[in-house]
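Below is one structure; the comments refer to it alone.
10 protein chains.
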Amino acid sequence: MNLTRLVYYSQHNPSMSLGVPDLIATCHRNNAALDVTGFLQFNGHSFLQVLEGGRAEVSSLYNRIVTDPRHLNVILIQCCDVRERMFPGWSMGLHEGMDEQTKKVFLRYFSGNTVNPETIGADSLLAALRDLSREMA
Amino acid sequence: MNLTRLVYYSQHNPSMSLGVPDLIATCHRNNAALDVTGFLQFNGHSFLQVLEGGRAEVSSLYNRIVTDPRHLNVILIQCCDVRERMFPGWSMGLHEGMDEQTKKVFLRYFSGNTVNPETIGADSLLAALRDLSREMA
Amino acid sequence: MNLTRLVYYSQHNPSMSLGVPDLIATCHRNNAALDVTGFLQFNGHSFLQVLEGGRAEVSSLYNRIVTDPRHLNVILIQCCDVRERMFPGWSMGLHEGMDEQTKKVFLRYFSGNTVNPETIGADSLLAALRDLSREMA
Amino acid sequence: MNLTRLVYYSQHNPSMSLGVPDLIATCHRNNAALDVTGFLQFNGHSFLQVLEGGRAEVSSLYNRIVTDPRHLNVILIQCCDVRERMFPGWSMGLHEGMDEQTKKVFLRYFSGNTVNPETIGADSLLAALRDLSREMA
Amino acid sequence: MNLTRLVYYSQHNPSMSLGVPDLIATCHRNNAALDVTGFLQFNGHSFLQVLEGGRAEVSSLYNRIVTDPRHLNVILIQCCDVRERMFPGWSMGLHEGMDEQTKKVFLRYFSGNTVNPETIGADSLLAALRDLSREMA
Amino acid sequence: MNLTRLVYYSQHNPSMSLGVPDLIATCHRNNAALDVTGFLQFNGHSFLQVLEGGRAEVSSLYNRIVTDPRHLNVILIQCCDVRERMFPGWSMGLHEGMDEQTKKVFLRYFSGNTVNPETIGADSLLAALRDLSREMA
Amino acid sequence: MNLTRLVYYSQHNPSMSLGVPDLIATCHRNNAALDVTGFLQFNGHSFLQVLEGGRAEVSSLYNRIVTDPRHLNVILIQCCDVRERMFPGWSMGLHEGMDEQTKKVFLRYFSGNTVNPETIGADSLLAALRDLSREMA
Amino acid sequence: MNLTRLVYYSQHNPSMSLGVPDLIATCHRNNAALDVTGFLQFNGHSFLQVLEGGRAEVSSLYNRIVTDPRHLNVILIQCCDVRERMFPGWSMGLHEGMDEQTKKVFLRYFSGNTVNPETIGADSLLAALRDLSREMA
Amino acid sequence: MNLTRLVYYSQHNPSMSLGVPDLIATCHRNNAALDVTGFLQFNGHSFLQVLEGGRAEVSSLYNRIVTDPRHLNVILIQCCDVRERMFPGWSMGLHEGMDEQTKKVFLRYFSGNTVNPETIGADSLLAALRDLSREMA
Amino acid sequence: MNLTRLVYYSQHNPSMSLGVPDLIATCHRNNAALDVTGFLQFNGHSFLQVLEGGRAEVSSLYNRIVTDPRHLNVILIQCCDVRERMFPGWSMGLHEGMDEQTKKVFLRYFSGNTVNPETIGADSLLAALRDLSREMA
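Chains as they are written, first to last, in UniProt numbering: chain D, 1 to 137; chain C, 1 to 137; chain W, 1 to 137; chain Z, 1 to 137; chain X, 1 to 137; chain V, 1 to 137; chain E, 1 to 137; chain L, 1 to 137; chain A, 1 to 137; chain U, 1 to 137.
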């Protein structure tokens, strides 16, 4: 029953074509079956993704991403048990691109809008993604 | 005067017929006489029940359930003194089944809607049952 | 200048007639002169009373009750300095009887509506009396 | 893996003979097999027992006690998940009787040495039993 | 089982002779029978006394003092439930007089060694009495 | 510079031989080069491992384990930034087997010594592993 | 730049006439020049005054009051650095007399409306004066 | 990604002419390029400035100010990592002069409106500047 | 009974001769009679003094200093009720001069050893004086 | 009197020769005169330095470093008021190089021993420098 939240960063492998609509459709199908929810921000080059659900399901999805050739340089930012989901309404919310409004949200919590996955604070990142999801709702 | 809250799980004994309306009518009668309140979620196979009242009354009701052949595999999840009732208005609120809305409430706090009584967190369970009772009010 | 709050329980001496209106009129007169405020719940058999005011005045009123033949089995539940009065508007609020609504208020914080003065929690009792006073306001 | 602690009170059924050494031997055998630990205080008339272990195992032992004819008036005082065992070294520590030293331990936390199971504070009771176990170590 | 601590001040009635040894002997006899413990400081003119034990027993002892002609101007300083006794080893510790060492203890927590019972802080007073009891141990 | 701690569980693939000494020698070599420290408990069937170091290094080691055929059913238990290492002295501490003393350490924090990786509490697990490392020091 | 708040009590010297309007006009002139703000309650016999401003300015005003023959028995109740002014809008708010409404405000926090400057609590006094200033606003 | 906030004071070099509009235009251009935000209060003689952004960018801007001949007596008041920007909407808010309203804001938190940069509290200063920025919004 | 602590700064009036031994002898005599304790640091030019005792006594001593021609520029640093004396053993501890060791104590808490009475932090000052008193003990 | 602590990083300008003994001798001379204390770690390429003292003195020293051609890429890590010095005994402690023991200290708090000045945590850095200073004491 444990509820786990995992946040990771990865880069899109430029040598592989990426069909974002297909990707999200697959996410929705897989996540709904596993009762996993979350949010994905894709700026065209790199992914920031939150996964919420059972520990085994979340691990298993993350482990599959690690071996997926479309993802390079996968870096785990945080993985912790949580009391309540942050994105209960999204089987996988997608936010694409980096327009002015998105940049403004990132700048609330960071010094810029390019993310360094090795040092980014998980709490600040979750705050920014939550703000993005609210603007989309 | 101590006010105690007890939460348990049990499975419905499939070899015995269960008249839920009768069960609840009996609950109401017994609980009202003992000033016991609470909430019962029955998904068709297993029970999750909260009992609130005097320590002796709550113990005595729970002990009776333990010996009731309609309940199998009774597992005590929590029993603590509390400052104030969580379900003061219900001599025994009943929530039956597991429709989409109910599942949604469970998923707020858990990784799925099938409960493992040995590991479920009591606080998360109480939060989910309180959310259910509010939607019924 | 110390502000003190005292809570006690006592039983009405059944061998003495009790004129509640007279009692309250006396209370009002005495308390107003001493700048004492408070609340009295009388269920027909026993008293639960809160006194708020100067330490010497509150002690003196309590000590008089101890020697008053109309009160039997006087039990002191709590006496502490406080920062602010809980019943500033009542020279002595009176709540009589135990109708359904009153019982409901007691059941929010207790396992029943008969009070055991030796074990009742002072904070729960004050919460119940404050709820009663608000319903009367 | 959840670690649960349960505290209950019961009275010895005077119409049934009680072989305390046999009882404890059975306890040790059963508890060791289930990785349950705990402490039992028997003053000749009533039991105060702590059980620590897995939730299902602790529930199952408690449920068996409820139906054991040697126990009357079983009252559950507390049952909560805990972080660490309080009696890890005792498959079932036994403390019998109520000599002067035992009474002294009880008086540290209570107004007397006869326990009212309906109002006794679980934390104070655990403090007293832990003090007894330390004096026996 | 509730454990209560009560602190009061009173003046010795100068028109009545006071046999302190008798008083204490009576205290010891009464308190031991009721499992009440405590501490008494008598400076020759006024008493500061702590009573610890069951709520009914402590109330009853205090109520008897209120009607005892040897005590004048009895002022209740505090009465609260407590978790553990502060003077478990004393059926009634007696500290008499106000020598230099006693005055020094009082001056740690007060501006002087004459006590104003209407404003004295209960916590400071308990700290001073505990220090006195430790010096006597 | 971020310091990250990651805890995971995995099962040994029974169809592959495992040379624990080789494994550890490789660990030591790899970890020392990356300034990664940690602790590994292997009970003969499953691994519990803590990795502490830079976020990218820890991710990269974990991602390699995910794809290592000797590990099956890899489940991530926790991954968080930390202020200070818990195992600074171990390039990779190894604790093998499950003797009586080891079982005793596990029972301090769990209901048994078989770990359910989907529900085990990360803090309790770290407490148990730290206790094991101290006994080995 | 330190912001300091000082509260004192004094008695009006009955042998000197007191022109309250003149006093306040002087206050306003002096305080405005020194950026000092505050509140003054004068019940006809004694003053309760709060001064807020720079430490040197507040000290200097207080020291002048000490030597002013119109003030007798000046007692300093509190003087502390503060983060923000409590009476920023008043170069010197004046509240005169002790009508029913004023007495009611005092009784919220005190046992009566005659102030004992040696024991009055500074926080309660500031709460009462702030309530008075709000009623005047 | 670290977000840093720096607050400093400096004096305008009176021997150099200062074109405030030019200064601010340059600020806006530089800060926007570096994703630095902040607020500047200039009373005609001295500057109080907040810079928020990446640590290197903020340091670099501050270091440039240190060597800028238009600034004399540059004193660093605070520099800390922060969780969220205080002035996200201002590439550089400018507040000029010291009118009555501005003085009133300063007096909320200080004893006067002339700032001593060696002793001014950073938190009070930020509170005053935030209040000014809100009045300008 | 309130216990108050007052800290002030003043300058020695250079036009008046100061007999420090006489001053201290007077202090001892006056303070002992009033149960006032404290500590005095005199660096040859200015005084830093702590007074602890009853509110009226401390006020009265401070008010006398304000009018004493040997003291100039008296600035009140803090005056608050306290729970326990900091200098219970000193009717007035005297520390004179500013040797290397004294300077070292001041530098633990301040940027230098010359005190600015308008901005010095009362807590830091008390820490420094307490350290001095300990080195003298 | 404010006590300020500043931490910065800089790189040694490789085109300028650096006489560390001379540098430190100058530091000692300057700092002692200004009552500034601190600690300097120089690994041969970059500096990590802590300065503690008055705000103006610390600012002035830091501002001089910013313009000193021997320092490149000066990055301010933290500057805050503090209650007590961390390095009171060092007019400027010097720790040079990066031997095994030094690396071990850095690895307690960081993922490696090369510092990224833009992301390093100030608290972790101070903890590491304090550990180094203790090993040198």
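Beta carbons are placed, not taken as given, at the ideal position from N, Cα and C, and that holds for glycine. Remember, it's a predicted structure, so these values are computed and weren't measured experimentally.
The beta carbon of Leu48/C sits closer than 6 angstroms to the beta carbons of Tyr9 and Gln41 from its chain, once the five residues preceding and following it are set aside; these are given in chain order. Beta-bridge partners assigned by DSSP to Ser15/L: none are found. Looking only at Ser17/L, Ile75/L and Gly19/L, the smallest Cα-Cα distance to Asn116/L is reached by Ile75/L. Listed in chain order, the beta strand (DSSP E) elements of length 3 or more contained wholly in the UniProt domain "BLUF" (3 to 93) of chain W are 4 to 12, 37 to 42, 46 to 53 and 71 to 81. With a 10 Å radius around the Cβ and a threshold of 16 neighbouring Cβ atoms, Val50/L comes out buried. In this structure the region 27 to 43 of chain V does not touch the region 80 to 100 of chain D; the number of beta carbon pairs closer than 8 angstroms is below three. The Cβ neighbour count for Arg5/V, taken over all protein chains shown within 10 Å, is at least 16; the residue is labelled buried. Taking C-beta atoms as the reference points, Glu52/A and Phe87/A count as a pair closer than 8 angstroms. Annotation: Cβ neighbours of Thr119/U in chain D (cutoff 9 angstroms, chain order): Asn116, Glu118 and Thr119.
Comparing alpha-carbon positions, the option among Thr119/C, Trp90/C, Ile120/C and Glu118/C lying closest to Leu132/C turns out to be Trp90/C. At least one CB atom of chain V sits nearer than 8 angstroms to the CB of Phe110/U.
Counting every other CB atom within 10 Å of its CB across the protein chains shown gives Ala25/L a total below 16, marking it as exposed.
Of the candidates Arg70/U, Gly54/U, Glu118/U and Arg55/U, Arg70/U places its Cα closest to the Cα of Ser17/U.
Around the beta carbon of Arg55/U, 16 or more other beta carbons lie within 10 angstroms, which makes this residue buried. In the structure shown, the three-state DSSP call for Glu96/E is strand. Per DSSP, Glu135/A is one residue of the alpha helix (DSSP H) stretching across Ala122 to Met136. With contacts defined by Cβ atoms closer than 8 angstroms, Gln11/C and Ser46/C form a contacting pair.
Per the C-alpha coordinates, the member of Leu129/L, Gly19/L and Thr119/L positioned closest to Lys104/L is Leu129/L. Residue-level contact by beta carbon fails for Asp22/U and chain A, as no gap is shorter than 8 angstroms.
With its beta carbon less than 8 angstroms from one in chain Z, Leu107/V belongs to the interface.
Chain-ordered, the chain E residues with CB closer than 9 angstroms to the CB of Glu84/W read Arg108, Tyr109, Ser124 and Ala127. The beta carbon of Gly44/Z lies closer than 7 angstroms to those of Gly97 in the same chain, with the five residues before and after it left out. Nearest CB-CB separation between Gly53/C and chain W: below the 8 angstroms threshold. Judged by DSSP in its simplified three-state form, Phe110/X adopts coil rather than helix or strand.
Between the alpha carbons of Ser15/L and His28/U lies a gap of roughly 35 angstroms. In its chain, beyond the 5 residues on either side, Pro69, Arg70, His71 and Leu72 have a beta carbon closer than 7 angstroms to the beta carbon of Asn13/W. Looking only at Glu135/Z, Asn2/Z and Asp123/Z, the smallest Cα-Cα distance to Gly93/Z is reached by Glu135/Z. Between Leu76/W and chain X, the shortest Cβ-Cβ separation is below 8 angstroms. Interface flag for Asn31/W against chain E is unset, since no Cβ pair is found closer than 8 angstroms.
Straight-line spacing of the CA atoms in Phe110/C and Cys80/D works out to 14 angstroms. Residues of the same chain with a CB within less than 7 angstroms of the CB of Asn2/X, apart from the 5 flanking positions on each side, are Gly54, Arg55 and Asp81 in chain order. Among the CB atoms of chain W, one or more fall inside 8 angstroms of the CB of Asp35/C. Taking CB atoms only, Val66/L has a neighbour in chain U less than 8 angstroms away. Between Thr119/C and Thr119/V, the CB-CB gap stays under 8 angstroms. Using beta-carbon distances, Asn63/V counts as an interface residue toward chain D, with a partner under 8 angstroms.
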